[in-house]
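Read through the structure below, which is laid out as structure tokens, and then see the notes.
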Amino acid sequence: MNKIKFGTDGWRAIIGQEYTTDNVARVSIAVANWLNEKYQKPSVVIGHDCRFAGELFAETAAKVLASKGVLVKMSKGFVTTPMVSLGVVKEKTDLGVVITASHNPPSYNGYKLKGNFGGPLLQDDINDIEIRIPEFNSVDYVSISIEDLVNSGRLIYVNLEDIYFTHVKSSFDLNSIRNSKMNFAYDAMFGAGMNAMKKLLPKATFLHCDNNPGFLGVSPEPIHRNLLEFSNLMKEKPIDCGLATDGDADRIGLYNSSGNFIDSHHIILLLIHYLVKYKGLSGKVVTAFSCSVKVAQLCKHYGLDHEIVQIGFKHIAGKMVKEDVLLGGEESGGIATAGHIPERDGIWMGLILFEFMSKSGKSLLA
Numbered sequence: 080m081n082k083i084k085f086g087t088d089g090w091r092a093i094i095g096q097e098y099t100t101d102n103v104a105r106v107s108i109a110v111a112n113w114l115n116e117k118y119q120k121p122s123v124v125i126g127h128d129c130r131f132a133g134e135l136f137a138e139t140a141a142k143v144l145a146s147k148g149v150l151v152k153m154s155k156g157f158v159t160t161p162m163v164s165l166g167v168v169k170e171k172t173d174l175g176v177v178i179t180a181s182h183n184p185p186s187y188n189g190y191k192l193k194g195n196f197g198g199p200l201l202q203d204d205i206n207d208i209e210i211r212i213p214e215f216n217s218v219d220y221v222s223i224s225i226e227d228l229v230n231s232g233r234l235i236y237v238n239l240e241d242i243y244f245t246h247v248k249s250s251f252d253l254n255s256i257r258n259s260k261m262n263f264a265y266d267a268m269f270g271a272g273m274n275a276m277k278k279l280l281p282k283a284t285f286l287h288c289d290n291n292p293g294f295l296g297v298s299p300e301p302i303h304r305n306l307l308e309f310s311n312l313m314k315e316k317p318i319d320c321g322l323a324t325d326g327d328a329d330r331i332g333l334y335n336s337s338g339n340f341i342d343s344h345h346i347i348l349l350l351i352h353y354l355v356k357y358k359g360l361s362g363k364v365v366t367a368f369s370c371s372v373k374v375a376q377l378c379k380h381y382g383l384d385h386e387i388v389q390i391g392f393k394h395i396a397g398k399m400v401k402e403d404v405l406l407g408g409e410e411s412g413g414i415a416t417a418g419h420i421p422e423r424d425g426i427w428m429g430l431i432l433f434e435f436m437s438k439s440g441k442s443l444l445a
């Protein structure tokens with residue numbers, strides 16, 4: 080068997096080649112053994128995105144974990160990665176597992192791990208799990224029945240979407256966004272954010288909010304070359320701001336009313352400006368070293384501490400858990416802010432900007 084390695088944000092591989100139910104089971108055995116060594120009565124939240132066979136792989140992980148004595152709380156239907164991360168906190172579990180390959184091509188799937196603080200599992204713990212991955216799968220997961228696990232109480236279905244909505248409604252003035260004179264648009268890129276945004280902002284203009292695990296052959300990464308149709312939509316219709324998120328909705332892409340792409344460097348600048356000047360918040364800003372020097376300049380202007388860390392959001396999350404961090408961000412579009420979990424969340428960042436525009440009447444035009 081091939082050695083399974085976790086990268087900057089989980090394990091990813093091509094479905095049917097290295098990404099198989101047996102290999103998902105191997106990783107899940109390691110996760111279960113790690114949990115059992117670390118906690119007396121371990122528990123986990125599991126969710127999956129819209130990719131091919133996501134439910135099958137999530138159920139495989141659930142069967143293996145439950146068979147090893149781990150209490151499993153699982154989403155019924157696809158969810159965003161931030162919904163799983165928030166679910167870990169709200170359900171008070173020890174770990175989160177997300178079956179997703181994020182922004183990778185449609186032929187891929189993956190396995191992300193979330194810590195009990197609601198963000199990417201820290202590197203030392205990932206290393207600890209990785210060395211426990213067995214060479215072969217030893218669990219007969221095919222013979223394990225999901226129905227039996229539910230009946231025995233070893234698997235509980237939870238509505239992670241509702242948990243997320245409750246958190247959103249307590250954090251944003253949704254009515255100001257919904258009743259705004261401004262028009263907003265959302266491109267889900269056929270990803271897991273589609274249902275949530277339809278419910279949160281039902282009057283918005285939507286694109287690629289249908290189930291299509293093939294993503295029309297385009298990687299669900301919210302960068303301009305993958306969003307040309309969305310850009311054209313922005314130019315053709317009277318839309319003030321357009322939000323796009325990736326396959327598991329933890330990364331953000333943004334367009335102004337002219338259909339021009341706003342890169343993540345400028346999104347970070349916009350968020351800092353709004354959170355400090357209009358919301359009166361403060362705290363450290365933590366960014367990956369690939370971010371623009373303009374971030375440091377704006378932090379100096381507002382008197383904020385600024386720290387640069389290596390690439391990989393888990394390094395930012397580690398700072399957010401231990402310190403008073405206002406914002407953490409990467410140039411890839413992964414951004415987190417205070418008042419939420421230490422996790423990238425494209426929908427959350429979009430709502431912050433929509434709320435700012437709705438309340439201030441300001442556009443994103445330079």
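Numbering (my numbering) for the sequence shown: 80 to 445.
Yeah, the Cβ is synthetic: ideal placement off N, Cα and C, and Gly gets one too.
1) Distance, Cα to Cα, Ser-343 vs Leu-295?
2) For Ala-137, which residues does DSSP report across the bridge?
3) By how many angstroms is the C-alpha of Ile-395 removed from the C-alpha of Ser-411?
4) Let me make sure I understand the geometry here. Which of Tyr-98, Val-237, Leu-432 has the alpha-carbon closest to that of Gly-126?
5) CA-CA distance, Glu-240 and Met-276?
6) What are the start and end residues of the beta strand (DSSP E) that includes Ser-250?
7) Just list the residues that DSSP pairs Lys-147 with in beta bridges.
8) If you reduce the DSSP assignment to three classes, tell me which class Pro-199 lands in.
9) If you run the structure through DSSP and keep just helix, strand and coil, what is Cys-320?
10) Name the two residues that bound the continuous beta strand (DSSP E) containing Glu-386.
11) Which word fits Lys-171, buried or exposed, when buried means at least 16 other C-beta atoms lie within 10 angstroms of its C-beta?
12) Based on the DSSP secondary-structure assignment, which residues constitute the bridge partners of Gly-413?
13) Using 8 Å as the threshold, is the C-beta distance between Val-372 and Leu-406 below it?
14) Give the straight-line distance between the Cα atoms of Val-297 and Ser-336, rounded to the nearest whole angstrom.
15) Given this structure, state the Cα-to-Cα distance separating Gly-293 from Gly-359, to the nearest angstrom.
16) In the DSSP assignment, find the unbroken beta strand (DSSP E) run with Leu-286 in it and report its ends.
17) My output table needs one value for Ser-222: the three-state DSSP class, helix, strand or coil.
18) Quick one, are the C-beta atoms of Leu-306 and Asp-266 less than 8 Å apart?
19) Where DSSP assigns a beta bridge to Asp-266, which residues make up the other side?
20) Please check the pair Thr-159 and Ala-271, which I expect to be a contact at CB under 8 Å, by giving their CB distance rounded to whole angstroms.
21) Would you mind reading off the limits of the beta strand (DSSP E) that contains Tyr-190?
22) Express the C-alpha separation of Thr-324 and Val-106 in angstroms, rounding to a whole number.
23) What are the start and end residues of the beta strand (DSSP E) that includes Thr-179?
24) Assuming Val-374 contacts Leu-348 (C-beta within less than 8 Å), just tell me the rounded distance between them.
25) Mapping DSSP to helix, strand and coil, what is His-303?
26) Compute the beta-carbon to beta-carbon distance between Met-39 and Met-261, rounded to the nearest angstrom, for a pair I have assumed lies under 8 Å.
27) In the structure shown, what three-state DSSP assignment does Leu-280 receive?
28) On a CA-only basis, which of Lys-120, Phe-136, Arg-130 is nearest Val-149? Give me that one, please.
29) Who does Ser-154 pair with in a DSSP beta bridge?
30) Which residues in the same chain as Arg-211 place their Cβ atom closer than 7 Å to its Cβ, once the five residues preceding and following it in sequence are excluded?
31) Does Val-177 pass the burial test, meaning 16 or more other C-beta atoms within 10 Å, or should it be called exposed?
32) Count the other C-beta atoms from every protein chain shown that fall within 10 angstroms of the C-beta of Asn-290, then say buried if there are 16 or more, exposed otherwise.
33) Measuring only the C-alpha atoms, how far is Lys-193 from Lys-316?
Put simply:
1) Each residue's alpha carbon lies about 24 Å from the other.
2) Partner(s): none; Ala-137 has no beta bridge.
3) So the alpha carbons of these two residues sit roughly 13 Å apart.
4) When C-alpha distances from Gly-126 are compared across Tyr-98, Val-237, Leu-432, the shortest belongs to Val-237.
5) So the alpha carbons of these two residues sit roughly 11 Å apart.
6) No beta strand (DSSP E) holds Ser-250; the alpha helix (DSSP H) holding it covers 239-250.
7) DSSP output for Lys-147 lists no bridge partner at all.
8) strand
9) Three-state DSSP puts Cys-320 in a strand.
10) 385-388 is the extent of the beta strand (DSSP E) around Glu-386.
11) exposed
12) Arg-330
13) no
14) Whole-angstrom Cα-Cα distance: 24 Å.
15) 43 Å
16) 284-286
17) helix
18) yes
19) Leu-286, Ala-323
20) 5 Å
21) 187-194
22) 27 Å
23) Premise fails: Thr-179 is in no beta strand (DSSP E) and is neither H nor E.
24) 7 Å
25) helix
26) Because the chain spans 80 through 445 in this model, residue 39 falls outside it and cannot be assessed.
27) Coil, per DSSP.
28) Lys-120
29) Val-237
30) Ala-109, Asn-112, Trp-113
31) buried
32) exposed
33) Going from the Cα of Lys-193 to the Cα of Lys-316 covers about 39 Å.
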